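*Asks:*
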Amino acid sequence: MSQATLSPGIVPGRLTPDELAVNFADVAPPLDRHEAHVEADRCYFCHDAPCITACPTGIDIPLFIRQIATDTPDAAGMTIFHANILGGMCARVCPTENLCEGSCVRNDAEGQPVRIGALQRYATDGLIADGAHPFRRAEPTGKRIAVVGAGPAGLSCAHRLAAKGHDVTIFDARAKPGGLNEYGIASYKTVDGFAQAEVAWLMGIGGITMETGRALGRDLTLDTLRAEYDAVFLGIGLGAVNALRTEGESFQNVRDAVDFISELRQADDRGALPVGRDVVVIGGGMTAVDAAVQAKLLGAENVTMVYRRSRDQMGASEHEQDHATSKGVRIIHGAAPIAVLGKGKVEAVQFAYTEIREGQLHLSENGFQLPADQVFKAIGQRLEAPLADLDLAKSGKIAVTGPGRTSLDGVWAGGDCAMGGDDLTVTAVAEGRDAAEDIDARLTGRPVEIPG
Amino acid sequence: MADLRSEFIGIKSPNPFWLASAPPTDKEYNVRRAFQAGWGGVVWKTLGAEGPPVVNVNGPRYGVVHGPDRRVLGLNNIELITDRPLEVNLREIKQVKRDYPDRALIISLMVPCDEDSWRDILKRIEDTGADGVELNFGCPHGMAERGMGSAVGQVPDYIEMVTRWVKQYSRMPCIVKLTPNITDVRKPAEAARRGGADAVSLINTINSITSVDLDLFAPEPTIDGKGSHGGYCGPAVKPIALNMVAEIARNPATAGLPISGIGGVTTWRDAAEFMALGAGNVQVCTAAMTYGFKVVQEMITGLHDYLDRHDMALSDLIGRAVPNVKDWQELNLNYVTKAVIDQEACIKCGRCYAACEDTSHQAIAMKSGRVFEVVEEECVACNLCVDVCPVQDCITMRELAPGETDLRTGIARGDYANWTTHPNNPAATAAE
Ligand SMILES: Cc1cc2nc3c(=O)[nH]c(=O)nc-3n(C[C@H](O)[C@H](O)[C@H](O)COP(=O)(O)OP(=O)(O)OC[C@H]3O[C@@H](n4cnc5c(N)ncnc54)[C@H](O)[C@@H]3O)c2cc1C
Ligand SMILES: Cc1cc2nc3c(=O)[nH]c(=O)nc-3n(C[C@H](O)[C@H](O)[C@H](O)COP(=O)(O)O)c2cc1C
Ligand code: SF4
Ligand code: SF4
Ligand code: SF4
Numbered sequence: 001m002s003q004a005t006l007s008p009g010i011v012p013g014r015l016t017p018d019e020l021a022v023n024f025a026d027v028a029p030p031l032d033r034h035e036a037h038v039e040a041d042r043c044y045f046c047h048d049a050p051c052i053t054a055c056p057t058g059i060d061i062p063l064f065i066r067q068i069a070t071d072t073p074d075a076a077g078m079t080i081f082h083a084n085i086l087g088g089m090c091a092r093v094c095p096t097e098n099l100c101e102g103s104c105v106r107n108d109a110e111g112q113p114v115r116i117g118a119l120q121r122y123a124t125d126g127l128i129a130d131g132a133h134p135f136r137r138a139e140p141t142g143k144r145i146a147v148v149g150a151g152p153a154g155l156s157c158a159h160r161l162a163a164k165g166h167d168v169t170i171f172d173a174r175a176k177p178g179g180l181n182e183y184g185i186a187s188y189k190t191v192d193g194f195a196q197a198e199v200a201w202l203m204g205i206g207g208i209t210m211e212t213g214r215a216l217g218r219d220l221t222l223d224t225l226r227a228e229y230d231a232v233f234l235g236i237g238l239g240a241v242n243a244l245r246t247e248g249e250s251f252q253n254v255r256d257a258v259d260f261i262s263e264l265r266q267a268d269d270r271g272a273l274p275v276g277r278d279v280v281v282i283g284g285g286m287t288a289v290d291a292a293v294q295a296k297l298l299g300a301e302n303v304t305m306v307y308r309r310s311r312d313q314m315g316a317s318e319h320e321q322d323h324a325t326s327k328g329v330r331i332i333h334g335a336a337p338i339a340v341l342g343k344g345k346v347e348a349v350q351f352a353y354t355e356i357r358e359g360q361l362h363l364s365e366n367g368f369q370l371p372a373d374q375v376f377k378a379i380g381q382r383l384e385a386p387l388a389d390l391d392l393a394k395s396g397k398i399a400v401t402g403p404g405r406t407s408l409d410g411v412w413a414g415g416d417c418a419m420g421g422d423d424l425t426v427t428a429v430a431e432g433r434d435a436a437e438d439i440d441a442r443l444t445g446r447p448v449e450i451p452g
Numbered sequence: 001m002a003d004l005r006s007e008f009i010g011i012k013s014p015n016p017f018w019l020a021s022a023p024p025t026d027k028e029y030n031v032r033r034a035f036q037a038g039w040g041g042v043v044w045k046t047l048g049a050e051g052p053p054v055v056n057v058n059g060p061r062y063g064v065v066h067g068p069d070r071r072v073l074g075l076n077n078i079e080l081i082t083d084r085p086l087e088v089n090l091r092e093i094k095q096v097k098r099d100y101p102d103r104a105l106i107i108s109l110m111v112p113c114d115e116d117s118w119r120d121i122l123k124r125i126e127d128t129g130a131d132g133v134e135l136n137f138g139c140p141h142g143m144a145e146r147g148m149g150s151a152v153g154q155v156p157d158y159i160e161m162v163t164r165w166v167k168q169y170s171r172m173p174c175i176v177k178l179t180p181n182i183t184d185v186r187k188p189a190e191a192a193r194r195g196g197a198d199a200v201s202l203i204n205t206i207n208s209i210t211s212v213d214l215d216l217f218a219p220e221p222t223i224d225g226k227g228s229h230g231g232y233c234g235p236a237v238k239p240i241a242l243n244m245v246a247e248i249a250r251n252p253a254t255a256g257l258p259i260s261g262i263g264g265v266t267t268w269r270d271a272a273e274f275m276a277l278g279a280g281n282v283q284v285c286t287a288a289m290t291y292g293f294k295v296v297q298e299m300i301t302g303l304h305d306y307l308d309r310h311d312m313a314l315s316d317l318i319g320r321a322v323p324n325v326k327d328w329q330e331l332n333l334n335y336v337t338k339a340v341i342d343q344e345a346c347i348k349c350g351r352c353y354a355a356c357e358d359t360s361h362q363a364i365a366m367k368s369g370r371v372f373e374v375v376e377e378e379c380v381a382c383n384l385c386v387d388v389c390p391v392q393d394c395i396t397m398r399e400l401a402p403g404e405t406d407l408r409t410g411i412a413r414g415d416y417a418n419w420t421t422h423p424n425n426p427a428a429t430a431a432e
């Protein structure tokens, strides 16, 4: 092992540029035509297919796979985009084993589902690479809609509204659009600047103005948006991070995993990113896995992920967990941090094993200590600032009824910031799309039409 | 172990698997390796008359129909008879036969439809040591335009005439290879028998266009922007060939005439089916062209295994299904079955539902949790669900016990009765 890997503390350049290039390469490279055809031939074209039911955006999976099998990948791509305009990103990031692939009848048949995600990427890559936007807008309606948040929910909503002839302005607090597609998703899932390419392609429909660096609550108020626009959609995600509430949390080198991940996504030179030798990640969701894996890929020697409940309760899918362990991440279940130890700077974390008694999680007497020069917190995100006047659900998210209607007339919400559904890219896309349909129906009286 | 040794019209071979006359049998190099691989016999690629050989196209000669995963289901070709000089073929045939005396070696022939041509060619092949001749009256393209091949095979009188010449000028056993490009295959078979043929072989290839190039707007294979029909073979033609074999086997005028079964034989099972319908042996072309000579090994072990399991000799198999091939009107209309779905085996794909629902029966119910159940009141026992279900044996057809009520018709299952006596049959009523 090289000296750089073994140096203690948080240092950059643990791995060579070549090693980094290998580590951060596309984790699931695209299928070529032959592979796609062999896989497409496996689909049974099920009646009322369970995979469609399992897809939050209801993509007609058997149809698009049949279109691949008949060598019309662009038609397949259109089947996908009609239901899910971010079908390209979803093909890369969906935890398919819990969604479409998890319900594929081939699991029962021979324990191996049709590789729907990989086929979806095959079908969508071509149209996006082609550049020309394949949808045309309907006649202008003269209606103007404000979308706050350029993440999957906001983008999906904006595209559907633009397609229906409305004029849309998207406001986003950050410098680049894309939301967590750009700042969150693990680098090896979406390589070569795909997130920005996809947004640019989506914007190709026209009728959407993107205003980045504009934050609701800082630069804009909901009242003015409501006054100036015919409707408002909120897709602002979950901007704040839950705290550990343990001793030593404020020590140096204890930080939020989402910040580390976003830095990594934005880094031009990953070799310049400092990372610890002994890294501890606290949490059991996708964010925890992504932080742990990417710390390892940057060259950390020991990376341990600690989750307080059991394995099957982890937010990260089995596939994600397996991926993490295959990269050398150690996963400990059933332990919770009780103190961050050190002198101003973190040196170790003290954990206690947990027990479930009467359905409640309790700390046990037994525990262990893990040496740590860097600690990432990934125990969940929440809505940033309470938005005046909007009712919140018990979960702390924006309360909605039906397709994203909030307690305020003319204001819709979807994606992670709104209650209901899993916090997934594909769910955000579905909710944004459905809200757009509802907005359109409200503004024009046209019937709701949701493909898929 | 069952004995696979076969004797067909007096020609002995170690097994009933012969290679059909086609490119795999076009030269000594191939035929030697085929024999080494275990083939029981070969029918040499069709020889033409003395003189400059025919020429083939120099562009693609095959078209294909693929199943899933590009499995070859059907092949068509526009190849002609051998394009190598007659003397070369004859010399090679002699050498191979000398080295493989235990294998069957048949010479396929196609010459112009006049007596001299046939007398001449028969004389030329006399001293090759070959075991017999096969008259190629089947090639449907190219040669037919020149008055040979299927142009002869489509006119029973010509078949009879040429067969008579062959029997007159040669002592060799004579197989007449039939074309399927006719309306009633019994007529050419009867003609062959009248002419003195020792056997018929069938089928040769079926007129076909396998696909159209949608950029060039021409049939495939496309030669310089044009295409002509070819001859279709491979697994896709097996059902057509089986029917024709059965028609000849159960036709009183041709019953007992030995048959060499050809068309889509790919596995031991295909071969066994041909033989059950009356073929004394089988010939194979496309399977060998697709997978190589080695496929015969599976055919040999599979047939062994099957005969052993049923404690049958090869001769017991031949023709065993023929008495059960009937006209539709002889089928028992009181035989009632109902589909049964094995819920354990079911993977819940819903294909049976889609098929039955959209095929006028609506006899499968889709219940919550994707449970698929047969509605016996609606099930007409068509078997379509069984055919489309991706899981083997997941759906089966249950036979109603005698006296059991068919929930669809409300009628108890009765004794054998067919259409000829059915009250709905106007002819039956008239007969009374
Ligand atoms: C590290 C990580 C990895 C993940 N990996 C996966 C994965 O592999 N697969 C998967 O399906 N899901 C994954 N997720 C979840 C997924 O990214 C989210 O569910 C999804 O992005 C939610 O979309 P959204 O549009 O609701 O919110 P976001 O993507 O969070 O977008 C919200 C947008 O709103 C903007 N915004 C926020 N507040 C304001 C404001 N006040 N004013 C203006 N703009 C504002 C933000 O800048 C942002 O651009 C991951 C999440 C994280 C954190
Ligand atoms: C390329 C090709 C060439 C053929 N040439 C001949 C031939 O010269 N003489 C002949 O009698 N049959 C010829 N046939 C027909 C085959 O012998 C056989 O009857 C037919 O292919 C059906 O059998 P199969 O389904 O096993 O291929 C040819 C078939 C193919 C594919
Ligand atoms: S469940 Fe599987 S086999 Fe069935 S349609 Fe979906 S992908 Fe195809
Ligand atoms: S046998 Fe035919 S009618 Fe009966 S359930 Fe199957 S498909 Fe339907
Ligand atoms: S076709 Fe077969 S496997 Fe599919 S639902 Fe019907 S019975 Fe089940």
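Just so you know, the protein sequences line up as chains A and B, in that order. For the first sequence, full-length UniProt numbering begins at 1 and goes up steadily by one. For the second sequence, full-length UniProt numbering begins at 1 and goes up steadily by one. Note that CB positions come from ideal geometry on N, CA and C, so glycine has one too. Because the structure is a prediction, the values reported are computed rather than measured.
Could you name the residues of the UniProt domain "Dihydroprymidine dehydrogenase" (23-127) of chain A whose beta carbon sits closer than 7 Å to any beta carbon of chain B, in the order they occur along the chain?
*Replies:* Val38, Asp41, Tyr44, Cys46, His47, Asp48, Pro50, Val105, Asp108 and Ala109
*Asks:* Nearest chain A C-beta to Val391 of chain B closer than 8 Å, yes or no?
*Replies:* Taking the first residue of the second sequence as 1, we reach residue 391 of chain B at position 391. So yes, Val391 of chain B belongs to the interface.
*Asks:* Using Cβ-Cβ distances below 7 Å, what residues of the segment 343-364 of chain B are close to chain A?
*Replies:* Ile347, Lys348, Cys349, Gly350, Arg351, Tyr353 and Ala354
*Asks:* So is Gly178 of chain A buried or exposed if we call it buried at 16+ other beta carbons inside 10 Å?
*Replies:* Residue 178 of chain A sits at position 178 when you count from the first residue of the first sequence. Gly178 of chain A should be labelled buried.
*Asks:* Could you please give the first and the last residue of the uninterrupted alpha helix (DSSP H) stretch that includes Glu160 of chain B?
*Replies:* By one-based count along the second sequence, residue 160 of chain B stands at place 160. Residues Pro156 to Tyr169.
*Asks:* State yes or no: is the C-beta of Asn76 of chain B nearer than 7 Å to some heavy atom of ligand 4?
*Replies:* On the second sequence, residue 76 of chain B is found 76 positions in, with the first residue counted as 1. No, the Cβ of Asn76 of chain B stays beyond 7 Å of every heavy atom of ligand 4.
*Asks:* Around the C-beta of Asp198 of chain B, are 16 or more other C-beta atoms found within 10 angstroms, so that it is buried, or is it exposed?
*Replies:* For the purposes of this step, residue 198 of chain B is taken as the residue at position 198 of the second sequence. Per the 10 Å Cβ criterion, buried.
*Asks:* I need the straight-line Cα distance from Gly452 of chain A to Thr57 of chain A, nearest angstrom please.
*Replies:* For the purposes of this step, residue 452 of chain A is taken as residue 452 along the first sequence, with counting starting at 1. For the purposes of this step, residue 57 of chain A is taken as residue 57 along the first sequence, with counting starting at 1. Model confidence at Gly452 of chain A stands at a pLDDT of 38, short of 50, so the residue's coordinates are unreliable; what they give is reported in the following sentence. Cα-Cα distance, rounded: 7 Å.
*Asks:* Spell out whether any CB of chain A is found under 8 Å from the CB atom of residue 442 of chain B.
*Replies:* Not covered by the structure: residue 442 of chain B. The range shown for chain B is 1 to 432.
*Asks:* With burial defined as no fewer than 16 other Cβ atoms inside 10 Å of the residue's Cβ, what is the status of Gly10 of chain B: buried or exposed?
*Replies:* For this step, residue 10 of chain B is matched to residue 10 along the second sequence. Its Cβ having fewer than 16 others within 10 Å, Gly10 of chain B is exposed.
*Asks:* Listed in chain order, which residues are found with a beta carbon closer than 6 Å to a heavy atom of ligand 4?
*Replies:* B:Ala339, B:Ala355, B:Cys356, B:His361, B:Ala363, B:Ile364, B:Val374, B:Cys379, B:Val380, B:Ala381, B:Cys382, B:Asn383, B:Leu384 and B:Cys385
*Asks:* For ligand 1, any of its heavy atoms closer than 7 Å to the Cβ of Leu424 of chain A?
*Replies:* As a first step, residue 424 of chain A must be located in the first sequence, where it is residue number 424. Answer for Leu424 of chain A: yes, Cβ within range of ligand 1.
*Asks:* Count the C-beta pairs between the segment 357-376 of chain A and the segment 330-341 of chain A that are closer than 8 Å, then say yes if the count reaches three, no if not.
*Replies:* yes
*Asks:* Where in the segment 209-263 of chain B do unbroken runs of the alpha helix (DSSP H), each at least 4 residues long, occur, reported from the N-terminal end onward?
*Replies:* 238-250
*Asks:* For a contact defined as C-beta to C-beta under 7 Å, what are the partners of Arg370 of chain B on chain A?
*Replies:* Residue mapping note: residue 370 of chain B aligns to position 370 of the second sequence, counting from 1. Chain A residues near Arg370 of chain B: Pro50.
*Asks:* Taking 8 Å as the threshold, find out whether the segment 263-278 of chain B comes into contact with the segment 287-306 of chain B through three or more Cβ pairs.
*Replies:* yes
*Asks:* Closer than 7 Å, Cβ to Cβ, to anything on chain A: give me those residues from the segment 67-89 of chain B, in chain order.
*Replies:* Pro68 and Asp69
*Asks:* Consider the C-beta atom of Met299 of chain B and the heavy atoms of ligand 2; say whether any pair is separated by less than 7 Å.
*Replies:* For the purposes of this step, residue 299 of chain B is identified with residue 299 of the second sequence, where counting begins at 1. Answer for Met299 of chain B: no, Cβ out of range of ligand 2.
*Asks:* Report all residues from its chain with a CB closer than 8 Å to the CB of Cys94 of chain A; omit the five preceding and five following residues, and keep chain order.
*Replies:* The sequence position of residue 94 of chain A within the first sequence is 94, counting from 1. So the list reads Cys100, Gly117, Leu424, Thr425 and Val426, once near-sequence residues are dropped.
*Asks:* With DSSP as the reference, please indicate the residues paired to Met397 of chain B in a beta bridge.
*Replies:* Taking the first residue of the second sequence as 1, we reach residue 397 of chain B at position 397. DSSP lists B:Ala339 as partners of Met397 of chain B.
*Asks:* Between Ile379 of chain A and Lys338 of chain B, what straight-line distance do the alpha-carbon atoms span, to the nearest angstrom?
*Replies:* Position 379 of the first sequence, counted from the first residue, corresponds to residue 379 of chain A. Position 338 of the second sequence, counted from the first residue, corresponds to residue 338 of chain B. Separation of Ile379 of chain A and Lys338 of chain B (C-alpha to C-alpha, rounded to the nearest whole angstrom) is 57 Å.
*Asks:* Can you determine whether any heavy atom of ligand 2 sits closer than 7 Å to the C-beta of Ala287 of chain B, and answer yes or no?
*Replies:* Looking up residue 287 of chain B in the second sequence gives position 287. Indeed, a heavy atom of ligand 2 lies less than 7 Å from the Cβ.
*Asks:* Does the distance from the C-beta atom of Val391 of chain B to that of Ala345 of chain B stay below 8 Å?
*Replies:* As a first step, residue 391 of chain B must be located in the second sequence, where it is residue number 391. As a first step, residue 345 of chain B must be located in the second sequence, where it is residue number 345. Closer than 8 Å, so yes.
*Asks:* Rounded to the nearest angstrom, how far is the Cβ of residue 453 of chain A from that of Gly235 of chain A, given a contact under 8 Å?
*Replies:* Outside the modelled stretch of chain A, which goes from 1 to 452, sits residue 453 of chain A, for which no answer is possible.
*Asks:* What separation, rounded to the nearest whole angstrom, lies between the Cα atoms of Gly9 of chain A and Asn84 of chain A?
*Replies:* On the first sequence, position 9 is the one that residue 9 of chain A refers to. On the first sequence, position 84 is the one that residue 84 of chain A refers to. Looking at the two C-alpha atoms, the distance is approximately 44 Å.
*Asks:* What does the alpha-carbon distance come out to for the pair Leu202 of chain B and Ser21 of chain B?
*Replies:* For the purposes of this step, residue 202 of chain B is taken as residue 202 along the second sequence, with counting starting at 1. For the purposes of this step, residue 21 of chain B is taken as residue 21 along the second sequence, with counting starting at 1. Their backbone Cα atoms lie some 12 Å apart in a straight line.
*Asks:* Starting from Lys12 of chain B, follow the beta strand (DSSP E) in both directions and report where the run begins and ends.
*Replies:* Sequence index remark: in the second sequence, residue 12 of chain B carries index 12 (1-based). Ile11 to Ser13 is the extent of the beta strand (DSSP E) around Lys12 of chain B.
*Asks:* Looking at the unbroken beta strand (DSSP E) that takes in Gly41 of chain B, where does it start and where does it end?
*Replies:* By 1-based counting over the second sequence, the position of residue 41 of chain B is 41. Looking at the DSSP string, the run of the beta strand (DSSP E) that includes Gly41 of chain B is Gly41 to Leu47.
*Asks:* Could you give the DSSP three-state label for Thr444 of chain A: helix, strand or coil?
*Replies:* Position 444 of the first sequence holds residue 444 of chain A. For Thr444 of chain A, the three-state secondary structure derived from DSSP is helix.
*Asks:* In the structure shown, what three-state DSSP assignment does Ile203 of chain B receive?
*Replies:* Position 203 of the second sequence holds residue 203 of chain B. In the structure shown, Ile203 of chain B falls within a coil segment according to DSSP collapsed to helix, strand and coil.
*Asks:* Just to confirm, is the Cβ distance from Ala412 of chain B to Glu404 of chain B under 8 Å?
*Replies:* Numbered from its first residue, the second sequence carries residue 412 of chain B at position 412. Numbered from its first residue, the second sequence carries residue 404 of chain B at position 404. For Ala412 of chain B and Glu404 of chain B, yes; Cβs fall inside 8 Å.
*Asks:* Under the assumption that residue 433 of chain B contacts Val282 of chain B (Cβ atoms under 8 Å), give the Cβ distance between them as a whole number of angstroms.
*Replies:* Limits of chain B in this structure are 1 at one end and 432 at the other, which puts residue 433 of chain B out of reach.
*Asks:* Counting only beta-carbon atoms, is Ala441 of chain A nearer than 8 Å to chain E?
*Replies:* Here chain E cannot be found, since the structure's protein chains are A and B.
*Asks:* So the alpha helix (DSSP H) Phe371 of chain A belongs to, where does it begin and stop?
*Replies:* By one-based count along the first sequence, residue 371 of chain A stands at place 371. Here residue 371 of chain A turns out to be Pro, not Phe, going by the sequence shown. From DSSP, Pro371 of chain A is part of no alpha helix (DSSP H) but of the beta strand (DSSP E) over Gln360 to Pro371.
*Asks:* Note down, in chain order, each residue of its chain lying with its Cβ closer than 6 Å to the Cβ of residue 471 of chain A, except the 5 sequence neighbours on either side.
*Replies:* In the structure as shown, chain A starts at 1 and stops at 452, and residue 471 of chain A therefore has no counterpart that could be examined.
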